[in-house]
Amino acid sequence: MYGFTYPPFAAMVMGPLAFLSWPVAVAAWITGNVICLVLLLHWFLPENLSRNLKIGALALLALFLFEPVRDTFSYAQVNLFLLLLVVAGLRYPRWAGVGIGLAAAIKLTPAVFIGYLLLSRQYRAAAVAAGTAVGATAIAAILAPHLSRTFWTEALWDTNRVGHTYIVSNQSLRGVVDRLEASSPWWLLSVALVVVCWAWWVRKHGAADPAAALALTGLLSCLISPISWVHHLVWLLPAFFLLLDRSIGNPKRLGVLAALYVVMCSSLPWLWWDRPIGWDVFLGVNAYVWVTLALGGLLVTSSVRAGRLPEPAFDSLSP
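If you read the sequence shown in our numbering, its first letter stands for residue 39, the second for the next number, and so on.
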């Protein structure tokens, strides 16, 4: 797994695919991702809509237009499976924390959801998540000690292996800063600002509005990661679904949300793939970062109005 950002436990999970022929493995992976999308739609859409086959089919087609989903299929990525694990772990209280722990053991980024559990005072779930992640990592270390040693002592710290951070496909705050050729302190400052705002909101409102806290944490994971390739941005989907649910009856907000979704389907940043650096392309080349920040602002304003919180839109996600 040296060529990737995944811990050795991920190799163990994916290992059975090696026993399949290439066409069968591809078909299995595509089928698995489609199942993930169907389950996410079933969980996120209101019950009266999720049981309507026509609406469900149209929603699934709309998801296939979403560039992060398209890239997930094109590059055989794992992020939809991780999103499913995180949501499942929060949807079923009996397994609270297990899904997050497994996701963090497969890929480090979902570990940020342990922070969400701590800030929203779900201490037992946070302990379960941390224990699950450590346990899975320990199993990998026992079964593959050399691979684990290489990853945790060398590969994890070798940032050059993942490519340049200024390229268009890196839609994180680090990508924004590097495309302006600014120094690292500006990236650290922007990350610190975003983390502080997220932590304050989750601490204050996360327990009362777990759906918004989940969605905000997904946005945070994309913003603060040194590299967030476009396919990582499937973590924006909970925010889109939640805001859609909370914007029904508000044409203006629905229009804004639709515009943001269209941008995410447009591949707009790729217009500058060969010249991504400089102020003259600042707005367009970072389009998906602006969408992520806009979704965060919409989530906060939809959740906190006149000093009160609405009922969580996704009751099934409440711990």
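Note that CB positions come from ideal geometry on N, CA and C, so glycine has one too.
- Here T191 is exposed. Its C-beta has fewer than 16 other C-beta atoms within 10 Å.
- Across the set L103, V125, I138 and L157, the C-alpha of V125 shows the shortest separation from the C-alpha of A249.
- Leaving aside the five residues that flank A174 on each side, the residues in its chain whose CB is nearer than 6 Å to its CB run, in chain order, F47 and A143.
- Contact between W267 and N208 holds, with the beta-carbon distance rounding to 7 Å and staying under 8 Å.
- In this structure, DSSP gives N71 a helical state, which the three-state scheme calls helix.
- Closest in C-alpha terms to S304, from the list L101, G213 and Q115, comes L101.
- L146 and P45 do touch by the CB rule: their CB atoms are close to 7 Å apart, below 8 Å.
- Counting other Cβ atoms within 10 Å of its Cβ, E105 reaches 16 or more and is therefore classed as buried.
- The beta carbon of V300 sits closer than 6 Å to none of the beta carbons in its chain outside the five residues before and after it.
- G169 is classed as exposed because its beta carbon has fewer than 16 other beta carbons within 10 Å across all chains shown.
- Per the coordinates, the alpha-carbon of I315 lies some 10 Å from the alpha-carbon of V215.
- Shown here, P84 sits in coil according to DSSP, grouped into three states, outside any helix or strand.
- The criterion of a C-beta distance shorter than 9 Å is satisfied by L155 and A167.
- For Y154, the uninterrupted alpha helix (DSSP H) run begins and ends at V150 to L157, by DSSP.
- Take the alpha-carbon of M302 and the one of Y326: they are about 7 Å apart.
- Annotation note: the segment 155-242 contains the following uninterrupted alpha helix (DSSP H) runs of length 4 or greater, listed N- to C-terminal: 161-181, 183-191 and 211-217.
- Counting along the chain, the unbroken alpha helix (DSSP H) around K92 starts and ends at L91 to L103.
- Here the segment 103-120 lies against the segment 271-280, with 3 or more beta-carbon pairs under 8 Å apart.
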